[in-house]
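The structure appears right after this line, and notes come after that.
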Amino acid sequence: MKKMRIMRLLVMLSILVIILSACSGNNANGDEKSSEKGGDVYTFKVSHVTQESHVWHQTALKFGEELEKLSDGRMKLEIYPASQLGLEKDMAQQLETGSLDFGFLTNAYMSTRQDSLNAWFMPFTFKNLEEAVKMRESEAAKQMLEDLNSQGLVGLDFIFAGNRHILMKNGHVSSPQDLKGKKIRIIGSPAIQEFLEKVGAGPTAMPLSEVYTSLQTGVIDGIDIDLDALVTEKYYENAENLTLTNHITFPSVIVMSQKTYDKLTTEDQEIVKKALKAAADWGVQQAIQRENKNLEELKKHGVKVKELTDTSAFDSIAKEVKDKYAEKSPVIKKFLEEAKQ
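This is how it looks when you write it as structure tokens:
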């Protein structure tokens, strides 16, 4: 009997050891396991504001593929599109606490938290998206990402939705006079708002979910928009006059929770960076290709397209905005200098 009791006790101890081993991990979502191939297993969460057809979502999918490939299947990515986890301020809070691992956050929102990011919104800095994309590798852009550390975020990269243009219910834009008194929807950003105020428009911040009906009912006269969002959200159904102004570009800032990052080994941190870089490189090229594709799609839907080739009427206003922000931020000043090179 005594031997039987000892054997039973040994069996129970063995089972307990197995259970504790299985539950001993501590990954980003609390369910880390040890992989047979070596290293810990992670299921990361990423969130963004766009629809699944948008280039940012497609880049997130690519990021997930690269993570799985480079980690031999140890790292997976759960994607929450279209603000499923809340507004961007909610996402930022989740990133700070570590309940969300990655965020593709609009530069517009992030520029309200870090002034140097307004560099991307300096008016008429880029003639096309290709010029904007090149600045992703600039020293000033790298400094912007590094400065996010103070917010509990690891700045990883920038991707783009495209350059911004003006869609109007009535008429096109050739000078500031064409925007005077017009209510133009913008995404909240100090620099974007200031520029439109100086040209005489009435910049009106509102979430994407309200834009379609606001155009339809005449609450707003037009919108500041990139072509990808214009096609995805079908705003052309309520406004048909598109002026290709290229007045600003529109990046997403890809960030990682510092808390999540610090849990990873140095080797796994490098896997994340390498996977993200590969996905971002792919994503910016997709965005460039989609500029032409989206433009053709809009023309098929009857959108009346006009290109603003002479921006001289906006020169004095653009310079005023640039000078002000360059004086406020040495990073913005450096960014504008590098953009001229």
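Numbers 206 to 546, taken from our numbering, label the letters of the sequence shown in order. Ideal Cβ placement from N, Cα and C applies to all residues, glycine included.
(1) Assuming N368 is part of the beta strand (DSSP E), what are its boundary residues?
(2) Please tell me whether H253 and L310 are closer than 9 Å, where the distance is taken between their beta carbons.
(3) Let me confirm a value: T470 is counted as buried when at least 16 other C-beta atoms fall within 10 Å, else exposed. Which label applies?
(4) Tell me the DSSP bridge mates of A410?
(5) Excluding the five sequence neighbours on either side, which residues of its own chain have a C-beta within less than 8 Å of the C-beta of K533, listed in chain order?
(6) Determine the extent of the beta strand (DSSP E) in which T454 is found, giving its start and end residues.
(7) In angstroms, rounded to a whole number, what distance separates the CA positions of G367 and T454?
(8) Give a yes or no on whether 9 Å exceeds the smallest Cβ distance from D320 to chain D.
(9) Count the other CB atoms within 10 Å of the CB of K387; is the residue buried (16 or more) or exposed (fewer)?
(10) How far does the beta strand (DSSP E) with S288 in it extend, from its first residue to its last?
(11) T311 bridges to which residues according to DSSP?
(12) Are the beta-carbon atoms of R341 and F363 separated by less than 9 Å?
(13) Need the endpoints of the alpha helix (DSSP H) that D352 sits in, please.
(14) Thinking just about the alpha-carbon of each residue, which of A480, D352, M315 is nearest to the one in A174?
(15) Between which two residues does the beta strand (DSSP E) harbouring E442 extend?
(16) Note down the Cα distance separating E445 from E472, rounded to an integer number of angstroms.
(17) For the stretch 499–510 against the stretch 273–280, are there 3 or more C-beta pairs whose distance is under 8 Å?
(18) Could you tell me the boundaries of the alpha helix (DSSP H) in which V489 lies?
(19) By DSSP, does E257 sit in helix, in strand, or in coil?
(20) How long is the line joining the alpha carbons of L513 and V359, rounded to whole angstroms?
(21) Applying the 10 Å Cβ sphere with the 16-neighbour rule, what's the burial state of P456?
(22) Can you grab the Cα-Cα spacing for the pair V404 / I522, in whole Å?
(23) Which same chain residues end up closer than 8 Å to Q474 when comparing Cβ atoms and leaving out the 5 residues on each side of it in sequence?
(24) Mind checking which residues open and close the beta strand (DSSP E) that includes K511?
(25) I391 and T409: beta carbons closer than 9 Å?
(26) Would you decide whether Q490 is buried or exposed? Buried here means 16 or more other CB atoms lie within 10 Å of its CB.
(27) Helix, strand or coil for M280 per DSSP?
(28) Of the choices M411, L401, S462, whose alpha-carbon is the least far from that of Q382?
(29) On the DSSP bridge assignment, give the partners of S419 in chain order.
For this structure:
(1) Within the sequence shown, residue 368 is the residue found at index 163, counting from 1. Looking at the DSSP string, the run of the beta strand (DSSP E) that includes N368 is 358–373.
(2) As a first step, residue 253 must be located in the sequence shown, where it is residue number 48. As a first step, residue 310 must be located in the sequence shown, where it is residue number 105. H253 is a Cβ neighbour of L310, given a cutoff of 9 Å.
(3) Position 265 of the sequence shown, counted from the first residue, corresponds to residue 470. Exposed.
(4) Position 205 of the sequence shown, counting from 1, holds the residue named residue 410. Note: A410 sits in a beta bridge opposite I391.
(5) Along the sequence shown, one-based indexing puts residue 533 at 328. The beta carbon of K533 is closer than 8 Å to those of D320 in its chain, skipping five residues each way along the sequence.
(6) The residue labelled residue 454 in the question sits at position 249 within the sequence shown. Per DSSP, T454 belongs to the beta strand (DSSP E) from 446–462.
(7) For the purposes of this step, residue 367 is identified with residue 162 of the sequence shown, where counting begins at 1. For the purposes of this step, residue 454 is identified with residue 249 of the sequence shown, where counting begins at 1. Going from the Cα of G367 to the Cα of T454 covers about 6 Å.
(8) Absent from the structure: chain D. Only one protein chain is present.
(9) Taking the first residue of the sequence shown as 1, we reach residue 387 at position 182. Per the 10 Å Cβ criterion, buried.
(10) Reading the sequence shown from its first residue, position 83 is the one you call residue 288. Note, S288: premise wrong, no beta strand (DSSP E); not H, not E.
(11) On the sequence shown, position 106 is the one that residue 311 refers to. Paired residue(s): S457.
(12) In the sequence shown, the residue the question calls residue 341 occupies position 136. In the sequence shown, the residue the question calls residue 363 occupies position 158. Taking 9 Å as the Cβ cut-off, R341 and F363 qualify as a contacting pair.
(13) Stepping through the sequence shown from its first residue, residue 352 is reached at position 147. It spans 344–352 - the alpha helix (DSSP H) in which D352 sits, taken as one unbroken run.
(14) Outside the modelled stretch of the chain, which goes from 206 to 546, sits residue 174, for which no answer is possible.
(15) Numbered from its first residue, the sequence shown carries residue 442 at position 237. No beta strand (DSSP E) holds E442; DSSP gives it neither H nor E.
(16) One-based indexing of the sequence shown puts residue 445 at position 240. One-based indexing of the sequence shown puts residue 472 at position 267. Answer to the nearest angstrom: the Cα atoms are 51 Å apart.
(17) Between the stretch 499–510 and the stretch 273–280, the count of Cβ pairs shorter than 8 Å is below three; the stretches do not touch.
(18) Counting from one through the sequence shown, the residue named residue 489 turns up at place 284. Start and end: 471–505.
(19) In the sequence shown, the residue the question calls residue 257 occupies position 52. Coil, per DSSP.
(20) Your numbering for residue 513 matches position 308 in the sequence shown. Your numbering for residue 359 matches position 154 in the sequence shown. Going from the Cα of L513 to the Cα of V359 covers about 38 Å.
(21) Against the sequence shown, residue 456 aligns to sequence position 251. Looking at its Cβ environment, which holds 16 or more other Cβ atoms inside 10 Å, P456 is buried.
(22) In the sequence shown, residue 404 corresponds to position 199, counting from 1. In the sequence shown, residue 522 corresponds to position 317, counting from 1. Between V404 and I522, the C-alpha separation is close to 7 Å.
(23) Position 269 of the sequence shown, counted from the first residue, corresponds to residue 474. Same-chain partners within the cutoff: Y466.
(24) Taking the first residue of the sequence shown as position 1, residue 511 is located at position 306. That run of the beta strand (DSSP E) goes 509–512.
(25) Taking the sequence shown and counting its residues from 1, the one referred to as residue 391 is at position 186. Taking the sequence shown and counting its residues from 1, the one referred to as residue 409 is at position 204. With respect to T409, I391 sits close: the two C-beta atoms are nearer than 9 Å.
(26) Mapped onto the sequence shown, residue 490 falls at position 285. Exposed.
(27) Within the sequence shown, numbered from 1, the residue matching residue 280 stands at position 75. DSSP places M280 in strand when its eight states are reduced to three.
(28) Taking the first residue of the sequence shown as 1, we reach residue 382 at position 177. Considering only alpha carbons, the answer is L401.
(29) Within the sequence shown, the letter at position 214 stands for residue 419. Paired residues: none, contrary to the question.
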